[in-house]
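To start, the structure itself, in structure tokens.
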Amino acid sequence: ASLARISATDSALGAFLTLDEEGARAQAKKLDAALASGEERGLLFGLPAGIKDNIVTEGLRTTCASQFLDNFTPIYDAEVIHKLRSAQSVTVGKLNMDEFAMGGSNENSSYGPVRNPWDTTRVPGGSSGGSAAAVAAGQVYFALGSDTGGSIRQPAAYCGVVGLKPTYGLVSRFGLVAFASSLDQIGPITKNVEDSAYVLQAIAGHDAKDSTSANVSIPDYVSSLTGDVKGLRIGVPKEYIGQGIDPQVKERVLEALKVFESMGAVWEEISLPHTEYAVATYYLLASSEASSNLARFDGVRYGVRADNPANLMDLYRRSRSEGFGSEVKRRIMLGTYALSSGYYDAYYKKAQQVRTLIKRDFDQAFEKFDLIIGPTAPTPAFKLGEQVDDPLTMYLNDIVTIPVSLAGVPAVSVPCGLADGLPVGLQIIGKPFDEATVLRAAHAYE
Ligand code: GLN
């Protein structure tokens, strides 16, 4: 059914970069055999999944939607892929994204944009646009995305599905092609909150192969979905519903808060005073880390190599000039500049200090509140081409997802109605490693 749905819809959407029809059928056959031999079913038994193309898959092309990796087939699986296999889901293929996860509209893919299933003249969001579109269009039952500054939550909001960014360290990053290592997290994109709990259950947990993986005990997320939110204390940052937020989006969020009220939760307006610095802080830190991480793409070790280089410098220069797209080059230049001697203290170090202040805003709010709630993005999905030539406007779309990433706390985006016929996302943010409460609240609301 999944393969049939993909073949019927994907020429209009462009969600898949690599379809592994043969592999998927072979996996499904194996599961049939396991079932026939009386084996117990895994947590995600038989569920067709799509994987963002920056998560490495053994024997299956992994491009990060970059020309640079057009010919790259990994020789090992990411830890999350290993875990999905143990849970017995079926990987159907690899999903389109912004190149190296840099972007918020999926228009930075070297293989063409993804289109929003609700309105194909609009973007699906990004950078996990293929993951969100594939789930929204019913091509797969769930997808994995990655979120550095909003790339799971924002496309989930634009496509009317559920996207969870776990606490930094909860899910192994082993085998996730690094963009900004202090921010990157893998998480599920699903049709509903219960599915999100199931997929998180399967992929969370300590991994010695990732030095930033947290050694915490993993609760039973599925059984925490009790439907009860009585007495939960919710803070609503005034910065998240103020200037720059579309009035209809604000209206949907306020309506959602009424639903929480009716279920016995209480909310009040709070302030996260350093929110206004988050976008600048993020783009300095993320670009700095990216410039360092992407140094490994040199034309020698991975991917595409320039033809007939005159010497080693020429090989590096032309491989990188030809292999990377313009947004990736912009980030590498920004990051290299911010890290260079003479500027390091003024930009990189300062940004690290502001990151601490932003994190403290959250720490303080969570002394009094169980959850923080606001919109996932300031507007619903915009039109293809509308912002692509204006990086600054594009970066401002991340205003309410980025602070959460800088603080490393978990957040889910759940659909909360429509604005002009397009889905709006409600962002529910929790304490570190308290995904159980985040999911419980999202599930009770949904
Ligand atoms: N839109 C943000 C960026 O371009 C977030 C990307 C992400 O989370 N991977 O960096």
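When the letters of the sequence shown are read in order and numbered with our numbering, they come out as residues -11 to 434. Glycine included, every Cβ here is placed at the ideal spot set by N, Cα and C.
CA-to-CA distance, residue j to residue i, given in whole angstroms
| i | j | result |
| --- | --- | --- |
| residue 364 | residue 434 | 15 Å |
| residue 142 | residue 401 | 8 Å |
| residue 292 | residue 65 | 21 Å |
| residue 419 | residue 388 | 16 Å |
| residue 31 | residue 96 | 35 Å |
| residue 19 | residue 76 | 7 Å |
| residue 341 | residue 348 | 11 Å |
| residue 79 | residue 125 | 17 Å |
| residue 13 | residue 36 | 10 Å |
| residue 233 | residue 384 | 11 Å |
| residue 55 | residue 287 | 12 Å |
| residue 16 | residue 139 | 30 Å |
| residue 391 | residue 137 | 8 Å |
| residue 106 | residue 120 | 11 Å |
| residue 82 | residue 38 | 6 Å |
| residue 302 | residue 70 | 39 Å |
| residue 318 | residue 378 | 12 Å |
Check: residue i C-beta below 7 Å from any heavy atom of the ligand GLN
| i | result |
| --- | --- |
| residue 155 | no |
| residue 90 | yes |
| residue 365 | no |
| residue 167 | yes |
| residue 134 | yes |
| residue 115 | yes |
| residue 377 | no |
| residue 74 | no |
| residue 274 | yes |
| residue 2 | no |
| residue 451 | Residue 451 is absent from the structure shown; the chain starts at -11 and stops at 434. |
| residue 386 | yes |
| residue 98 | no |
| residue 139 | yes |
Given residue i as reference, the closest of the options once Cα atoms are compared
| i | options | result |
| --- | --- | --- |
| residue 404 | 272, 344, 248 | 248 |
| residue 235 | 169, 407, 256 | 407 |
| residue 240 | 361, 202, 131 | 361 |
| residue 4 | 286, 36, 40, 313 | 40 |
| residue 156 | 100, 168, 23 | 168 |
| residue 100 | 332, 1, 192 | 1 |
| residue 162 | 154, 428, 173, 152 | 173 |
| residue 115 | 90, 107, 61 | 90 |
| residue 267 | 351, 233, 48, 381 | 381 |
| residue 10 | 298, 33, 374, 47 | 47 |
| residue 367 | 146, 69, 53 | 146 |
| residue 151 | 422, 425, 415, -11 | 415 |
| residue 194 | 113, 71, -1, 203 | 203 |
| residue 61 | 42, 67, 377 | 42 |
| residue 154 | 73, 304, 190 | 190 |
| residue 87 | 320, 378, 355, 214 | 320 |
| residue 188 | 198, 177, 264 | 177 |
| residue 229 | 245, 298, 130, -7 | 245 |
| residue 255 | 221, 261, 284 | 221 |
Residue i classed as buried or exposed, judged by whether at least 16 other C-beta atoms fall within 10 angstroms
| i | result |
| --- | --- |
| residue 307 | buried |
| residue 329 | exposed |
| residue 296 | exposed |
| residue 63 | exposed |
| residue 103 | buried |
| residue 84 | buried |
| residue 27 | exposed |
| residue 282 | buried |
| residue 209 | buried |
| residue 51 | buried |
| residue 428 | buried |
| residue 270 | buried |
Within-8 Å CB hit, residue i to chain B
| i | result |
| --- | --- |
| residue 141 | Any reference to chain B falls outside this structure, which holds one protein chain only. |
- Could I get the ranges of all uninterrupted beta strand (DSSP E) runs contained in the segment 337 to 399, with 3 residues as the minimum, in chain order? 359 to 363
- Query: What are the uninterrupted segments assigned as alpha helix (DSSP H) that are 4 or more residues long and contained completely in the segment 281 to 333, given in chain order?
  - Reply: 300 to 311, 314 to 327
- Query: Taking the runs of the beta strand (DSSP E) that are 3 residues or longer, which of them lie wholly in the segment 150 to 209?
  - Reply: 150 to 153, 173 to 178
- Message: Going residue by residue through the segment -1 to 37, where are the continuous alpha helix (DSSP H) segments of at least 4 residues, counting only ones entirely within it?
- Response: 9 to 24
- Task: List in chain order: all unbroken beta strand (DSSP E) runs of 3+ residues lying wholly within the segment 76 to 119.
- Result: 78 to 83
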